[in-house]
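**Student:**
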Amino acid sequence: MPTMLVIDDDRLNCDMLQVIFARHGFQVVTAQSGREGLGRFQTLQPDVTLLDLRMPEVDGLAVLKEIRARDPLAPVVMLGAGATDIHENLARELGVTDFLRKGLSLDVLIRTVNRVARPAAQAQESRYFSTAPSTEGAQSERILVVDDEPLVRELLVQFLEMRGYAVQGAASGEECLALVERDPPDVILLDIIMPGLDGVEVIKALQPRGFAGGIIVLTGSQSEELLRTAWDLGIQEVLYKPVDLDRLLMAVQLVLVCREG
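Here's what the structure looks like:
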(Lines of atoms letter the chains of each structure in order from A and count residues from 1; the text may use other names and numbers.)
(Lines give C-alpha, C1' and ligand atoms only; values in the text may rest on other atoms or scores of the structure.)
Protein backbone atom coordinates (compact mmCIF):
# COMPACT_ATOMS: atom_id res chain seq x y z
CA MET A 1 0.00 0.00 0.00
CA PRO A 2 1.45 3.42 -0.95
CA THR A 3 2.14 5.83 1.90
CA MET A 4 1.26 9.48 2.36
CA LEU A 5 2.47 11.91 5.01
CA VAL A 6 0.26 14.94 5.77
CA ILE A 7 2.01 17.74 7.71
CA ASP A 8 -0.50 20.40 8.79
CA ASP A 9 -1.09 22.10 12.13
CA ASP A 10 -4.87 22.12 11.50
CA ARG A 11 -6.23 18.82 12.84
CA LEU A 12 -9.42 19.08 10.76
CA ASN A 13 -7.37 19.23 7.55
CA CYS A 14 -5.27 16.28 8.72
CA ASP A 15 -8.35 14.20 9.58
CA MET A 16 -10.15 14.99 6.34
CA LEU A 17 -7.15 14.35 4.11
CA GLN A 18 -6.56 11.09 5.94
CA VAL A 19 -10.14 9.97 5.27
CA ILE A 20 -10.11 10.98 1.61
CA PHE A 21 -6.75 9.48 0.64
CA ALA A 22 -7.24 6.34 2.71
CA ARG A 23 -10.34 5.81 0.57
CA HIS A 24 -8.07 6.06 -2.48
CA GLY A 25 -5.70 3.38 -1.28
CA PHE A 26 -3.09 5.24 0.75
CA GLN A 27 -1.80 4.50 4.19
CA VAL A 28 -1.97 8.04 5.57
CA VAL A 29 0.15 9.25 8.49
CA THR A 30 -0.39 12.77 9.87
CA ALA A 31 1.76 15.23 11.79
CA GLN A 32 0.55 18.48 13.33
CA SER A 33 3.85 20.33 13.47
CA GLY A 34 6.93 20.76 11.33
CA ARG A 35 9.18 19.01 13.83
CA GLU A 36 6.82 16.06 14.16
CA GLY A 37 6.53 15.92 10.39
CA LEU A 38 10.29 15.69 9.88
CA GLY A 39 10.50 12.84 12.36
CA ARG A 40 7.70 10.95 10.64
CA PHE A 41 9.23 11.60 7.22
CA GLN A 42 12.51 10.05 8.33
CA THR A 43 10.73 6.97 9.66
CA LEU A 44 8.08 6.55 6.96
CA GLN A 45 9.89 7.59 3.76
CA PRO A 46 6.44 8.29 2.22
CA ASP A 47 5.51 7.96 -1.43
CA VAL A 48 4.09 11.49 -1.29
CA THR A 49 4.01 14.28 1.31
CA LEU A 50 1.34 16.99 1.61
CA LEU A 51 2.93 19.95 3.40
CA ASP A 52 1.16 23.04 4.76
CA LEU A 53 3.02 26.30 4.13
CA ARG A 54 1.95 28.20 7.26
CA MET A 55 2.71 26.49 10.56
CA PRO A 56 3.97 27.87 13.88
CA GLU A 57 7.61 27.40 14.92
CA VAL A 58 8.89 25.36 11.95
CA ASP A 59 7.00 26.45 8.82
CA GLY A 60 6.52 24.59 5.57
CA LEU A 61 9.51 26.12 3.81
CA ALA A 62 11.85 25.10 6.65
CA VAL A 63 10.40 21.58 6.59
CA LEU A 64 10.81 21.39 2.81
CA LYS A 65 14.46 22.44 3.08
CA GLU A 66 15.13 19.64 5.59
CA ILE A 67 13.25 17.09 3.47
CA ARG A 68 15.30 18.03 0.40
CA ALA A 69 18.52 17.60 2.39
CA ARG A 70 17.44 14.06 3.27
CA ASP A 71 15.80 13.06 -0.02
CA PRO A 72 16.21 15.34 -3.07
CA LEU A 73 13.62 13.38 -5.09
CA ALA A 74 10.82 12.78 -2.57
CA PRO A 75 7.45 13.96 -3.97
CA VAL A 76 6.27 16.94 -1.88
CA VAL A 77 3.13 18.97 -2.60
CA MET A 78 2.91 22.24 -0.69
CA LEU A 79 -0.51 23.64 0.24
CA GLY A 80 -0.06 27.39 0.25
CA ALA A 81 -2.90 28.96 2.22
CA GLY A 82 -2.46 32.71 1.92
CA ALA A 83 0.67 32.30 -0.16
CA THR A 84 2.26 35.08 -2.20
CA ASP A 85 4.36 34.75 -5.34
CA ILE A 86 7.42 35.14 -3.10
CA HIS A 87 6.40 32.09 -1.04
CA GLU A 88 5.80 30.03 -4.16
CA ASN A 89 9.09 31.08 -5.74
CA LEU A 90 10.99 30.18 -2.55
CA ALA A 91 9.30 26.78 -2.44
CA ARG A 92 10.16 26.10 -6.06
CA GLU A 93 13.77 27.16 -5.48
CA LEU A 94 13.89 24.60 -2.65
CA GLY A 95 12.67 21.93 -5.07
CA VAL A 96 8.99 21.46 -4.16
CA THR A 97 7.35 19.01 -6.54
CA ASP A 98 4.20 21.11 -6.85
CA PHE A 99 2.70 24.15 -5.14
CA LEU A 100 -1.06 24.62 -4.76
CA ARG A 101 -2.58 27.91 -3.65
CA LYS A 102 -5.46 28.39 -1.23
CA GLY A 103 -8.85 27.92 -2.89
CA LEU A 104 -7.88 24.77 -4.76
CA SER A 105 -10.57 22.22 -5.43
CA LEU A 106 -10.29 18.74 -4.02
CA ASP A 107 -10.24 17.33 -7.56
CA VAL A 108 -7.13 19.38 -8.33
CA LEU A 109 -5.43 18.10 -5.18
CA ILE A 110 -6.29 14.48 -6.00
CA ARG A 111 -5.07 14.80 -9.58
CA THR A 112 -1.86 16.43 -8.37
CA VAL A 113 -1.18 13.61 -5.91
CA ASN A 114 -1.90 11.08 -8.63
CA ARG A 115 0.58 12.81 -10.93
CA VAL A 116 3.50 13.35 -8.54
CA ALA A 117 3.38 10.25 -6.33
CA ARG A 118 6.14 7.69 -6.72
CA PRO A 119 5.42 5.20 -9.54
CA ALA A 120 4.38 2.36 -7.22
CA ALA A 121 1.87 4.65 -5.53
CA GLN A 122 0.54 5.90 -8.87
CA ALA A 123 -0.21 2.38 -10.05
CA GLN A 124 -2.28 1.47 -6.99
CA GLU A 125 -3.90 4.89 -6.64
CA SER A 126 -5.14 4.86 -10.24
CA ARG A 127 -7.00 1.62 -9.51
CA TYR A 128 -8.82 3.24 -6.59
CA PHE A 129 -9.71 6.32 -8.63
CA SER A 130 -11.18 4.24 -11.43
CA THR A 131 -13.05 1.70 -9.30
CA ALA A 132 -14.43 3.82 -6.45
CA PRO A 133 -17.97 2.56 -5.84
CA SER A 134 -20.89 4.93 -6.26
CA THR A 135 -23.02 5.69 -3.24
CA GLU A 136 -25.89 7.04 -5.31
CA GLY A 137 -29.19 5.90 -3.86
CA ALA A 138 -27.60 4.42 -0.74
CA GLN A 139 -29.58 6.85 1.41
CA SER A 140 -32.13 9.53 0.60
CA GLU A 141 -30.99 11.98 3.26
CA ARG A 142 -29.63 15.22 1.83
CA ILE A 143 -26.97 17.33 3.53
CA LEU A 144 -25.79 20.84 2.68
CA VAL A 145 -22.29 21.83 3.81
CA VAL A 146 -21.83 25.61 4.08
CA ASP A 147 -18.25 26.82 4.61
CA ASP A 148 -16.29 29.59 2.87
CA GLU A 149 -13.03 27.56 3.07
CA PRO A 150 -12.94 25.52 -0.18
CA LEU A 151 -10.76 22.65 0.98
CA VAL A 152 -12.64 22.14 4.25
CA ARG A 153 -15.97 22.29 2.43
CA GLU A 154 -15.00 19.77 -0.23
CA LEU A 155 -13.42 17.40 2.25
CA LEU A 156 -16.59 17.40 4.37
CA VAL A 157 -18.67 16.79 1.25
CA GLN A 158 -16.46 13.86 0.25
CA PHE A 159 -16.47 12.40 3.77
CA LEU A 160 -20.27 12.44 3.99
CA GLU A 161 -20.74 11.19 0.43
CA MET A 162 -18.61 8.16 1.32
CA ARG A 163 -21.09 7.51 4.14
CA GLY A 164 -23.91 7.31 1.58
CA TYR A 165 -25.48 10.74 1.91
CA ALA A 166 -26.46 13.04 -0.96
CA VAL A 167 -24.30 16.09 -0.26
CA GLN A 168 -23.97 19.56 -1.75
CA GLY A 169 -21.56 22.33 -0.83
CA ALA A 170 -22.11 26.08 -0.60
CA ALA A 171 -19.33 28.67 -0.32
CA SER A 172 -21.42 31.43 1.27
CA GLY A 173 -24.58 32.17 3.19
CA GLU A 174 -26.14 33.62 0.05
CA GLU A 175 -25.44 30.44 -1.94
CA CYS A 176 -26.84 28.38 0.93
CA LEU A 177 -30.17 30.25 0.85
CA ALA A 178 -30.41 29.86 -2.93
CA LEU A 179 -29.83 26.09 -2.71
CA VAL A 180 -32.36 25.73 0.12
CA GLU A 181 -34.96 27.54 -2.03
CA ARG A 182 -34.42 25.07 -4.89
CA ASP A 183 -33.98 21.83 -2.96
CA PRO A 184 -34.26 21.96 0.85
CA PRO A 185 -31.80 19.55 2.53
CA ASP A 186 -32.53 17.40 5.56
CA VAL A 187 -29.51 18.78 7.45
CA ILE A 188 -27.34 21.87 7.05
CA LEU A 189 -23.76 21.91 8.37
CA LEU A 190 -23.21 25.63 8.77
CA ASP A 191 -19.98 27.51 9.43
CA ILE A 192 -20.90 30.36 11.76
CA ILE A 193 -18.09 32.75 10.75
CA MET A 194 -18.22 33.67 7.05
CA PRO A 195 -17.89 36.86 4.99
CA GLY A 196 -21.15 38.32 3.76
CA LEU A 197 -24.01 36.57 5.53
CA ASP A 198 -22.66 34.82 8.61
CA GLY A 199 -24.15 31.67 10.10
CA VAL A 200 -26.53 33.44 12.49
CA GLU A 201 -27.87 35.64 9.67
CA VAL A 202 -28.40 32.54 7.53
CA ILE A 203 -30.38 30.85 10.31
CA LYS A 204 -32.55 33.95 10.70
CA ALA A 205 -33.13 34.07 6.93
CA LEU A 206 -34.15 30.40 6.86
CA GLN A 207 -37.01 30.86 9.34
CA PRO A 208 -39.42 32.82 7.09
CA ARG A 209 -38.63 30.36 4.30
CA GLY A 210 -40.15 27.56 6.37
CA PHE A 211 -37.00 25.44 6.47
CA ALA A 212 -37.84 22.31 8.47
CA GLY A 213 -34.48 20.53 8.40
CA GLY A 214 -31.84 20.29 11.09
CA ILE A 215 -28.95 22.73 11.53
CA ILE A 216 -25.54 21.81 12.95
CA VAL A 217 -23.24 24.76 13.52
CA LEU A 218 -19.50 24.41 12.91
CA THR A 219 -17.41 27.00 14.70
CA GLY A 220 -13.91 27.91 15.70
CA SER A 221 -15.31 30.85 17.64
CA GLN A 222 -15.62 30.86 21.39
CA SER A 223 -18.14 33.73 21.38
CA GLU A 224 -20.76 32.75 23.93
CA GLU A 225 -23.10 35.49 22.73
CA LEU A 226 -22.94 34.32 19.11
CA LEU A 227 -23.53 30.69 20.03
CA ARG A 228 -26.32 31.61 22.47
CA THR A 229 -28.07 33.43 19.64
CA ALA A 230 -27.71 30.37 17.41
CA TRP A 231 -29.15 28.08 20.10
CA ASP A 232 -32.04 30.50 20.65
CA LEU A 233 -32.80 30.33 16.93
CA GLY A 234 -33.32 26.57 17.20
CA ILE A 235 -30.18 24.84 15.98
CA GLN A 236 -29.69 21.20 16.94
CA GLU A 237 -25.95 21.00 17.67
CA VAL A 238 -22.68 22.94 17.82
CA LEU A 239 -19.40 21.29 16.83
CA TYR A 240 -16.11 23.03 17.47
CA LYS A 241 -13.32 23.11 14.88
CA PRO A 242 -11.23 21.12 14.34
CA VAL A 243 -14.20 18.79 14.04
CA ASP A 244 -13.97 15.21 15.26
CA LEU A 245 -15.31 13.21 12.31
CA ASP A 246 -16.87 10.45 14.42
CA ARG A 247 -18.72 13.06 16.44
CA LEU A 248 -19.79 14.85 13.25
CA LEU A 249 -21.22 11.66 11.81
CA MET A 250 -23.02 10.85 15.06
CA ALA A 251 -24.49 14.36 15.22
CA VAL A 252 -25.81 14.06 11.66
CA GLN A 253 -27.36 10.67 12.41
CA LEU A 254 -28.97 11.91 15.63
CA VAL A 255 -30.45 14.97 13.93
CA LEU A 256 -31.91 12.78 11.18
CA VAL A 257 -33.36 10.28 13.67
CA CYS A 258 -34.94 13.08 15.71
CA ARG A 259 -36.52 14.56 12.57
CA GLU A 260 -37.98 11.18 11.61
CA GLY A 261 -39.35 10.76 15.10
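UniProt numbering numbers the first residue of the sequence shown as 1 and each following residue consecutively. Beta carbons: idealized from backbone N, C-alpha and C, even for Gly. As the structure is a prediction and not an experimental result, all values here were calculated from the model.
1. Keeping to the same chain, check which residues put their C-beta closer than 7 Å to that of GLN158; ignore five residues upstream and five downstream.
2. Report buried or exposed for ALA178, applying the criterion of at least 16 other Cβ atoms within 10 angstroms of its Cβ.
3. Let me know the secondary structure DSSP gives GLY210 once reduced to three states.
4. DSSP on THR131, reduced to helix/strand/coil?
5. List the residues that DSSP assigns as beta-bridge partners of VAL169.
6. So, with DSSP's three-state summary, where would you put MET4?
7. Among THR49, ASP85, ILE86, which has the Cα closest to the Cα of ARG68?
8. If I measure Cβ to Cβ from VAL116 and keep anything under 7 Å in the same chain, skipping five residues before and after, which residues do I get?
9. Quick check: what's the CA-CA separation for ILE110 versus LYS241?
10. Could you check the C-alpha separation between ARG228 and PRO208 for me, to the nearest Å?
11. Can you grab the Cα-Cα spacing for the pair PHE26 / LEU61, in whole Å?
12. If you run the structure through DSSP and keep just helix, strand and coil, what is VAL252?
13. Can you tell me which of the three DSSP states LEU151 falls into?
14. My guess is that ILE192 and LEU226 are in contact by the Cβ rule of under 8 Å, so how many angstroms apart are they, rounded?
15. With DSSP as the reference, label GLU57 as helix, strand or coil.
16. Please classify ARG153 as buried or exposed, where buried requires at least 16 neighbouring CB atoms within 10 angstroms.
17. Which one or two residues does DSSP pair with ALA31 in a beta bridge?
18. So, helix, strand or coil for GLY82, using DSSP?
19. So LEU189 packs on LEU218, CB below 8 Å; how close in whole Å?
20. Output the distance between the C-alpha atoms of residue 285 and ILE235, rounded to the nearest integer angstrom.
21. Please look up how many angstroms separate the CB atoms of GLU174 and GLY199, rounded, as I've assumed it's under 8 Å.
22. Judging by CA-CA distance, which residue of SER223, ASP232, GLN18, ARG35 is the nearest neighbour of GLU66?
23. Check ARG101 in the structure and name its three-state DSSP category.
24. I'd like to check one pair, PRO185 with LEU144: are the Cβ atoms closer than 8 Å?
**Tutor:** In short, the structure shows the following:
1. Walking along the sequence shown from the start, residue 158 turns up at place 158. Contacts found: ILE20, LEU106.
2. Position 178 of the sequence shown holds residue 178. Exposed is the call here.
3. Position 210 of the sequence shown holds residue 210. Three-state DSSP puts GLY210 in coil, outside helix and strand.
4. The sequence position of residue 131 within the sequence shown is 131, counting from 1. Bear in mind that the predicted position of THR131 carries a pLDDT of just 40, short of 50, making it too unreliable to give a figure here.
5. Counting from 1 along the sequence shown, the entry for residue 169 is found at position 169. It should be pointed out that residue 169 corresponds to Gly in this sequence rather than to Val. GLY169 is bridged to VAL145.
6. Within the sequence shown, numbered from 1, the residue matching residue 4 stands at position 4. The answer is strand: DSSP assigns MET4 an E or B state.
7. For this step, residue 68 is matched to residue 68 along the sequence shown. Answer by Cα proximity: THR49.
8. By 1-based counting over the sequence shown, the position of residue 116 is 116. Same-chain partners within the cutoff: VAL48, PRO75, VAL77, THR97, ASP98.
9. Sequence index remark: in the sequence shown, residue 110 carries index 110 (1-based). Sequence index remark: in the sequence shown, residue 241 carries index 241 (1-based). Using only the alpha carbons, I get a separation of about 24 Å.
10. Translated into the one-based positions of the sequence shown, residue 228 becomes position 228. Translated into the one-based positions of the sequence shown, residue 208 becomes position 208. Each residue's alpha carbon lies about 20 Å from the other.
11. For the purposes of this step, residue 26 is taken as residue 26 along the sequence shown, with counting starting at 1. For the purposes of this step, residue 61 is taken as residue 61 along the sequence shown, with counting starting at 1. Those two C-alpha atoms are separated by around 25 Å.
12. Numbered from 1 along the sequence shown, position 252 holds the residue referred to as residue 252. Residue state, collapsed to three classes: helix.
13. On the sequence shown, position 151 is the one that residue 151 refers to. Reduced to three states, the DSSP call for LEU151 is helix.
14. Position 192 of the sequence shown, counted from the start, is the residue given in the question as residue 192. Position 226 of the sequence shown, counted from the start, is the residue given in the question as residue 226. Rounded, the Cβ-Cβ distance is 6 Å, consistent with contact.
15. As a position in the sequence shown, residue 57 is number 57, starting the count at 1. In the structure shown, GLU57 sits in coil (DSSP, three-state: anything other than H, G, I, E or B).
16. Here residue 153 is taken as the residue at index 153 of the sequence shown, counted from 1. It is buried - the Cβ of ARG153 has at least 16 other Cβ atoms within 10 Å.
17. Taking the first residue of the sequence shown as 1, we reach residue 31 at position 31. DSSP lists ILE7 as partners of ALA31.
18. Taking the first residue of the sequence shown as 1, we reach residue 82 at position 82. Of the three classes helix, strand and coil, the one that applies to GLY82 here is coil, per DSSP.
19. One-based indexing of the sequence shown puts residue 189 at position 189. One-based indexing of the sequence shown puts residue 218 at position 218. That pair is a contact at about 6 Å.
20. Nothing can be reported for residue 285: it is not among the residues displayed for the chain, which extend from 1 to 261.
21. The residue you call residue 174 lines up with position 174 of the sequence shown. The residue you call residue 199 lines up with position 199 of the sequence shown. So it is not a contact: roughly 13 Å between Cβ atoms.
22. Within the sequence shown, numbered from 1, the residue matching residue 66 stands at position 66. Residue ARG35 is the option with its Cα nearest to GLU66.
23. Start at 1 with the first residue of the sequence shown, and residue 101 comes out as number 101. Of the three classes helix, strand and coil, the one that applies to ARG101 here is strand, per DSSP.
24. Counting from 1 along the sequence shown, the entry for residue 144 is found at position 144. Counting from 1 along the sequence shown, the entry for residue 185 is found at position 185. Result yes, Cβ atoms of LEU144 and PRO185 sit closer than 8 Å.
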